[in-house]
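Asker: What follows is a structure written as structure tokens; I'll ask about it next.
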Amino acid sequence: MHLVPIKSLINTLILAICFITFSLTVKAQTIDRFALVNRHNVILNETDPLAPLSVGNGDFAYTADVTGMQSLEQYYYDNGIPLETLGTFAWHSFPKTGNLELKNAMKASDFHGRKIMYASMEKGDAGQYFRKNPHPVPLGQISMVRGSGTSLSVQEISQVNQKLDLWQGLLSSKYTIEGQPVSVETVSSPDQSTVAFSMRSTLLKNGRLKQAFRFPYAYDLSIKNKPPFQWNNPERHQTLVISRESNKAVLKRIIDSTEYYVAVSWTGNAKFESDGPHRFFLDATGSDSIEIVKNDPGKNTGRKVAQSTYPVLKISVLLNWKEGSSYHNT
């Protein structure tokens, strides 16, 4: 019978005790959630069309340029990543032309001795239609524009300082236009299709800047990978003003068989006015600050504007980090 030396047993016992003690100590330590999240914040100091930043919640996302809004939409599309507003609730299909059915795009293929049907006849009429439909609905663009209503250019924006604070779920954008500072904070609801903004600048007060809301028909799906918005078909969709009050407006969007509502609310004495069938301006002339909340409540009546205000949305995001589990891998 082989006997284990007493010294070896003692060493093994000591190692086991040290391991257990270390494990209990590590387990007792709490994770510094703020430090864990905060170290991944994103900071930009120049306009980069390959690095737009988003706020959202998994079911909704708003992607912004360095202005904190979607003011440079064409520049970002041409040179990098498109600026989108999307929600999982909103889908659209182009009207069918003819009696198109999915079975007409199906083809049998051999798979381990069995015939399996796949929608692989993509070059036919049915294949082309069902490759494109249904597709997400672009929920419109919210941008900063000149007081005249024309789009800003990249050259007008300088001294960029943009930060995506992951702990607060807050996109903070600071920059200069016409030599004047502009500050925009952008935040999303954690559980609704809602985005909110807080803007400050003397350019708002003197009417040199205002906000624009515009809605495309759909995507041009003849272009693959990065289909652009269709802005040139105003007759194929509708944007109806359902109600308008001193600090809120409700719009109804009708795109073929798809319908959804857009609720916009704001602070102060800003004016919400239409400029064509699918474009609206919010003019805060007289005030150097404004807060805006845009909510897309899907197929609800849309008459009740979201009660969430900008400060409430900021606070609600923090609760997501403070509750639930965390994992720290060093």
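Mind the numbering: the sequence shown is residues 255 to 584 in the working numbering, read in order.
C-beta atoms are modelled at their ideal positions from N, C-alpha and C, and glycine is treated no differently.
#1: Taking the alpha carbon of N299 as the point to measure from, which residue in P388, E513, S426 has its own alpha carbon closest?
#2: How many Å lie between N387 and P349 at the Cα?
#3: Suppose you measure from the CA of V438 to the CA of S308; what does that come to, to the nearest Å?
#4: Apart from the five residues just before and just after L393, which ones in its own chain have a Cβ nearer than 7 Å to its Cβ?
#5: Examine the Cβ distances between the region 301-318 and the region 442-452 and report whether three or more of them are shorter than 8 Å.
#6: Would you call P470 buried or exposed, if buried means 16 or more other Cβ atoms sit within 10 Å of its Cβ?
#7: What span of residues does the beta strand (DSSP E) with V309 cover, start to end?
#8: Which term fits A398, buried or exposed, when burial requires 16 or more other beta carbons within 10 angstroms of its beta carbon?
#9: Start and end of the beta strand (DSSP E) containing G341?
#10: Do K464 and F535 have their CB atoms nearer than 8 Å?
#11: What residues in its chain sit with their C-beta under 8 Å from that of G502, if we drop five residues either side in the sequence?
#12: Roughly how many angstroms separate the alpha carbons of G322 and A380, rounded to a whole number?
#13: From the DSSP secondary-structure annotation, give me the bridge partner or partners of F348.
#14: Sort out for me which residues DSSP pairs F483 with in a bridge.
#15: Is it buried or exposed, F365, if we count other Cβ atoms within 10 angstroms and call 16 or more buried?
#16: Excluding the 5 residues preceding and the 5 following M375 in the sequence, name in chain order all residues of the same chain whose CB lies nearer than 6 Å to its CB.
#17: Per DSSP, D419 forms a beta bridge with which residues?
#18: Would you say the beta carbon of L463 comes nearer than 7 Å to a heavy atom of the ligand MN?
#19: Do Y515 and K525 count as a contact pair if the criterion is CB distance below 8 Å?
#20: Quick check: what's the CA-CA separation for S442 versus K357?
#21: Pick from A373, V391, I396: whose alpha carbon is nearest that of R385?
#22: From T419 to V291, what does the alpha carbon distance come to, in whole angstroms?
#23: Since N333 and P306 are thought to touch, with beta carbons under 8 Å apart, how far apart are those beta carbons, to the nearest angstrom?
#24: Just to confirm the assignment, what range does the alpha helix (DSSP H) spanning L406 have?
#25: For L326, does the count of other Cβ atoms within 10 angstroms reach 16, so buried, or fall short, so exposed?
#26: Am I right that K417 and N295 are in contact with their C-beta atoms under 8 Å? What's the rounded C-beta distance?
Answerer: In short, the structure shows the following:
#1: Counting from 1 along the sequence shown, the entry for residue 299 is found at position 45. For the options P388, E513, S426, the alpha carbon positioned closest to that of N299 is the one of S426.
#2: Against the sequence shown, residue 387 aligns to sequence position 133. Against the sequence shown, residue 349 aligns to sequence position 95. Near 9 Å, if we compare the C-alpha coordinates of P349 and N387.
#3: Taking the sequence shown and counting its residues from 1, one reaches residue 438 at position 184. Taking the sequence shown and counting its residues from 1, one reaches residue 308 at position 54. Rounded to whole angstroms, V438 to S308 spans 14 Å at the Cα level.
#4: As a position in the sequence shown, residue 393 is number 139, starting the count at 1. Closer than 7 Å at the Cβ level, and outside the excluded window around L393, lie T339, L340, G341, A344, D550.
#5: Yes: the two stretches touch, three or more of their Cβ pairs being nearer than 8 Å.
#6: Taking the sequence shown and counting its residues from 1, one reaches residue 470 at position 216. Within a 10 Å sphere around the beta-carbon of P470 sit 16 or more other beta-carbons, which makes this residue buried.
#7: Here the question's residue 309 lines up with position 55 in the sequence shown. Taken as a continuous stretch (DSSP letters only), the beta strand (DSSP E) holding V309 covers 307-310.
#8: Position 144 of the sequence shown, counted from the first residue, corresponds to residue 398. First, the residue type needs correcting, since residue 398 is Met and not Ala in the sequence shown. Using a 10 angstroms sphere on the CB of M398, the tally of other CB atoms reaches 16 or more, which defines it as buried.
#9: Locating residue 341 in the sequence shown gives position 87, counting from the first residue. From DSSP, the beta strand (DSSP E) with G341 extends over 339-341.
#10: Counted from its first residue, the sequence shown places residue 464 at position 210. Counted from its first residue, the sequence shown places residue 535 at position 281. Taking a C-beta distance under 8 Å as the contact criterion, K464 and F535 qualify as a contact pair.
#11: On the sequence shown, position 248 is the one that residue 502 refers to. At residue 502 the sequence reads Lys, which differs from the Gly that was named. Contacts found: A517, V518, S519, W520, V559.
#12: Walking along the sequence shown from the start, residue 322 turns up at place 68. Walking along the sequence shown from the start, residue 380 turns up at place 126. G322 and A380 have their C-alpha atoms some 41 Å from each other.
#13: Against the sequence shown, residue 348 aligns to sequence position 94. DSSP lists no partner for F348.
#14: To locate residue 483, count along the sequence shown from 1; it is residue 229. By DSSP's assignment, F483 forms a beta bridge with Y473.
#15: Numbered from its first residue, the sequence shown carries residue 365 at position 111. Exposed is the call here.
#16: Within the sequence shown, the letter at position 121 stands for residue 375. By the criterion of a C-beta distance shorter than 6 Å, M375 is surrounded in its chain by A359, K361, G381, once the five residues flanking it on both sides are discounted.
#17: Against the sequence shown, residue 419 aligns to sequence position 165. For D419, the beta-bridge partners assigned by DSSP are L424.
#18: The ligand content of the structure shown is nil, which means the ligand MN is not present either.
#19: Translated into positions along the sequence shown, residue 525 becomes position 271. Translated into positions along the sequence shown, residue 515 becomes position 261. In this structure, Y515 does not lie closer than 8 Å to K525 by Cβ.
#20: Taking the first residue of the sequence shown as 1, we reach residue 442 at position 188. Taking the first residue of the sequence shown as 1, we reach residue 357 at position 103. Cα-Cα distance, rounded: 41 Å.
#21: Numbered from 1 along the sequence shown, position 131 holds the residue referred to as residue 385. Of the residues A373, V391, I396, the one whose Cα lies closest to the Cα of R385 is A373.
#22: For the purposes of this step, residue 419 is taken as the residue at position 165 of the sequence shown. For the purposes of this step, residue 291 is taken as the residue at position 37 of the sequence shown. Checking the displayed sequence, the identity of residue 419 turns out to be Asp instead of Thr. If you draw a straight line from the Cα of D419 to the Cα of V291, it comes to about 9 Å.
#23: As a working mapping, residue 333 is identified with position 79 in the sequence shown. As a working mapping, residue 306 is identified with position 52 in the sequence shown. No, N333 and P306 are not in contact; Cβ-Cβ is about 11 Å, not under 8 Å.
#24: As a working mapping, residue 406 is identified with position 152 in the sequence shown. Boundaries for L406: no alpha helix (DSSP H) harbours it, and the DSSP string shows neither H nor E there.
#25: On the sequence shown, residue 326 is found 72 positions in, with the first residue counted as 1. With 16 or more other Cβ atoms within 10 Å, it is buried.
#26: The residue labelled residue 417 in the question sits at position 163 within the sequence shown. The residue labelled residue 295 in the question sits at position 41 within the sequence shown. The beta-carbon separation of K417 and N295, rounded to 6 Å, stays under the 8 Å limit for a contact.
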